[in-house]
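**Q** Its first residue numbered 7, the sequence shown is counted upward by one per residue in this note's numbering. This is the structure I want to talk about, given as structure tokens.
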Amino acid sequence: MIELLRNRLCAVMTWLACLLLLSGSANAAELGLTFFGWSDQHVKTNGDVSHLVAAIDAMNELPGTHFPRAIGQQVGRPAFVFGCGDVTEWPTHAAVRGYSKVITERLKFPCYDIMGNHDDGGKVASDTMKKWIIKRHGGLSYTFDQGGVHFISLFSQFDPNAKPAQPLTRESLAFLRKQLTRTSAGTPIVVATHLCFDAITNRDELIDTFGKANVILVLGGHYHKATVHRYRGFQFVQFPSPRDQTEVTVVRIAPDRLVAIPYDHARKQWTDNREKILDVKIRGPGK
């Protein structure tokens with residue numbers, strides 16, 4: 007009798023374990039790909055990164071935080087953190103070393119970065135940051151895949167003698183066009199540049215370059231504040247600067263839904279500013 011009860015108990019426990027595994031797999035699929043975004047870190051020339059610590063610590067603590075009710079669920083563990091350029095105020099060796107150290111020793115997640123206009127030294131050119139980006143990512147413009155999404159990171163040479171708003175260069179658009187032709191039809195694509203929506207003066211040329219590709223999101227920085235724009239059916243998200251803001255952006259890409267929302271770590275709450283929140287239907291990974 008005791009042996010029979012023991013066998014039945016084992017069967018029930020096995021059944022419950024299977025249910026939990028199936029539930030966990032469903033939740034993971036529903037959550038999709040999560041990553042965090044920031045930009046314009048502007049590490050000082052002496053390598054001081056103290057102004058980045060609050061944002062980094064907030065990102066480390068965000069997984070498991072409940073999203074606003076309208077979004078639902080909790081923040082998943084991010085696959086990475088993406089930075090949209092201007093890592094340095096000016097690219098000294100100390101600034102690059104300071105940033106490299108803090109993102110590898112304090113930040114708990116992998117980090118991808120692209121060059122901003124401050125990172126090449128501007129009128130007093132320096133290749134220190136360029137060498138660092140190339141060593142980490144294989145090129146100033148580069149691609150990677152994560153969670154069924156193809157990411158295209160664009161370097162666009164900035165003219166220091168021109169206005170803050172400029173066109174993306176022919177070279178950057180040529181790189182984009184080449185990568186799009188190599189990407190399977192229907193693959194969800196995220197494009198990242200330093201210049202944000204308001205700063206890209208050839209937005210139509212950029213969108214024309216997309217062609218029929220499934221570009222679900224364009225990331226940018228440059229103007230330091232979190233914003234969202236929709237143009238010609240495409241979504242643009244601008245990441246906040248930890249130098250001037252107390253926000254980081256959480257991006258979640260699910261099979262049929264894309265969400266981007268800033269979290270204010272000083273106030274310990276999500277923004278309720280609709281101009282900063284993206285929540286749209288997409289043809290995401292697996293669709």
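Note that CB positions come from ideal geometry on N, CA and C, so glycine has one too. Treat the numbers as computed from the prediction; the structure is a model and nothing was measured.
Which residue wins for smallest C-alpha separation from residue 99, given the options 289, 49, 112 and 187?
**A** Taking only the C-alpha atoms, the option nearest residue 99 is 49.
**Q** Quick test of the definition: if touching needs 3 or more C-beta pairs under 8 Å, does the region 267-274 touch the region 56-73?
**A** These segments touch.
**Q** Any chance the region 110-129 sits against the region 71-79, with 3 or more Cβ pairs inside 8 Å?
**A** Because the criterion of three Cβ pairs below 8 Å is not met, the region 110-129 and the region 71-79 do not touch.
**Q** Please go through the same chain and pick out, in chain order, the residues whose beta-carbon is closer than 7 Å to the beta-carbon of residue 88, but skip the five residues on each side of it.
**A** 41, 43, 118, 198 and 225, listed in sequence order.
**Q** Compute the beta-carbon to beta-carbon distance between residue 253 and residue 232, rounded to the nearest angstrom, for a pair I have assumed lies under 8 Å.
**A** Yes, residue 253 and residue 232 are in contact; Cβ-Cβ is about 5 Å, under 8 Å.
**Q** Can you tell me where the beta strand (DSSP E) with residue 255 in it begins and where it stops?
**A** Residues 253-259.
**Q** Could you please give the first and the last residue of the uninterrupted beta strand (DSSP E) stretch that includes residue 138?
**A** Run containing residue 138: none in the beta strand (DSSP E); it sits in the alpha helix (DSSP H), 134-143.
**Q** Can you tell me whether residue 283 is buried or exposed, with buried defined as 16 or more other CB within 10 angstroms of its CB?
**A** It counts as buried.
**Q** Expressed to the nearest angstrom, what Euclidean distance is found between the alpha-carbon atoms of residue 167 and residue 261?
**A** Looking at the two C-alpha atoms, the distance is approximately 43 Å.
**Q** Can you tell me whether DSSP reads residue 289 as helix, strand or coil?
**A** Looking at residue 289 - three-state DSSP - the assignment turns out to be coil, as it is neither helix nor strand.
**Q** Rounded to a whole number of angstroms, what is the C-alpha to C-alpha distance between residue 238 and residue 213?
**A** If you take the alpha carbons of residue 238 and residue 213, they lie about 8 Å apart.
**Q** Just curious, the alpha helix (DSSP H) that residue 63 is in, first and last residue?
**A** Residues 59-67.
**Q** Taking only runs that begin and end inside the region 197-276, name each unbroken beta strand (DSSP E) of 3 or more residues, in chain order.
**A** Runs of the beta strand (DSSP E) inside the region 197-276: 221-226, 233-237, 240-244, 253-259 and 263-270.
**Q** Can you list, in chain order, the residues of its chain whose CB lies under 6 Å from that of residue 148, leaving out five sequence neighbours each side?
**A** Within the same chain, residue 148 has close Cβ partners 159.
**Q** Please list the terminal residues of the continuous beta strand (DSSP E) segment that includes residue 155.
**A** 155-159 is the extent of the beta strand (DSSP E) around residue 155.
**Q** Can you tell me the Cβ-Cβ gap for residue 256 and residue 81, rounded? I've got them flagged as a contact below 8 Å.
**A** Going by Cβ atoms, the distance from residue 256 to residue 81 rounds to 6 Å, so yes, they are a contact pair.
**Q** Spatial neighbours of residue 211 within its chain, please: CB distance less than 8 Å, with the 5 preceding and 5 following residues excluded, ordered by chain position.
**A** Only 173, 174 and 179 meet the Cβ criterion.
**Q** In whole angstroms, what is the alpha-carbon distance linking residue 194 and residue 183?
**A** One C-alpha to the other measures close to 15 Å.
**Q** Roughly how far, in whole angstroms, is the beta-carbon of residue 202 from the beta-carbon of residue 244, given that I think they are within contact range, below 8 Å?
**A** Between residue 244 and residue 202 the Cβ distance is about 4 Å, and since that is below 8 Å, they are a contact.
**Q** Tell me the rounded alpha-carbon separation between residue 207 and residue 171.
**A** Taking the straight line joining both Cα atoms gives about 6 Å.
**Q** Would you list the one or two residues that DSSP bridges to residue 105?
**A** Per DSSP, none; premise fails for residue 105.
**Q** If I follow the unbroken alpha helix (DSSP H) through residue 185, where does it start and stop?
**A** It spans 176-187 - the alpha helix (DSSP H) in which residue 185 sits, taken as one unbroken run.
**Q** According to DSSP, is residue 126 part of a helix, a strand, or is it coil?
**A** Residue 126 falls in the helix class under three-state DSSP.
**Q** Where does residue 28 land, buried or exposed, given buried means 16+ other C-beta within 10 angstroms?
**A** Because residue 28 carries a pLDDT of 36, less than 50, the predicted location of this residue cannot be relied on, and no value is offered for it.
**Q** What are the boundary residues of the beta strand (DSSP E) that residue 44 is part of?
**A** 39-44 is the extent of the beta strand (DSSP E) around residue 44.
**Q** Mind checking whether residue 95 and residue 51 have CB atoms under 7 Å apart?
**A** Taking 7 Å as the Cβ cut-off, residue 95 and residue 51 qualify as a contacting pair.
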